[in-house]
Amino acid sequence: MTKKPVGFKALVEDLVSTIPPGKLMTYGQIAALCGHPLAARQVGGIAHFGNPDLPWQRVVNKRGGLASGFPGGKTGHKQQLEAEGFYVTEDFKVDIEEYIWWPNP
DNA sequence: CGTGTGACGCGAG
DNA sequence: CCTCGCGCCACAC
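Numbers 5 to 109, taken from the working numbering, label the letters of the first sequence in order.
Below, the structure written as structure tokens:
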């Protein structure tokens with residue numbers, strides 16, 4: 005059997021890569037789906053040092069606030085989201101209720 | 001196996 | 001909706 009690389013980090017990266025365009029997921033949501041509902045902080049750490057090819061811009065905190073460690077800060081993250089077709093306020097927030105997505109609808 | 005850390009979460013006001 | 005403060009987990013060394 006093909007052994008999948010088990011590990012919180014690998015699971016998060018795999019899950020983030022499944023986020024469809026035009027949708028968002030929260031750090032706590034991803035952590036919970038990976039089996040660690042309270043490890044949302046870890047998800048952020050993985051996002052920073054994880055695979056840069058993944059759509060991390062589709063991952064935001066539960067308040068819809070953008071990430072701070074993004075290249076360019078929240079401004080850089082805002083530009084990325086707008087490029088994806090999201091609407092971002094000047095306060096660097098998105099309508100989480102409008103864009104939130106779950107892998108099991 | 002101890003310590004520090006973080007792109008967070010939640011409760012209370 | 002906001003801010004303040006503590007707790008949480010996995011990972012690096």
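From the three backbone atoms N, C-alpha and C, an ideal C-beta is built for every residue, glycine too. None of the values given here were measured: they were computed from a predicted structure.
- Of all C-beta pairs linking the stretch 37–46 to the stretch 67–82, fewer than three are shorter than 8 Å, placing the two stretches out of contact.
- In this structure, Ile23 and Trp106 do not form a Cβ contact; the two beta carbons are roughly 10 Å apart against a cut-off of 8 Å.
- The three-state secondary structure of Gly77, taken from DSSP, is helix.
- If you draw a straight line from the Cα of Asp99 to the Cα of Gly11, it is about 31 Å long.
- Note: Lys97 is bridge-paired with Gly69 in the DSSP secondary-structure output.
- Taking every protein chain shown into account, the CB of Arg62 has 16 or more other CB atoms within 10 angstroms, so this residue is buried.
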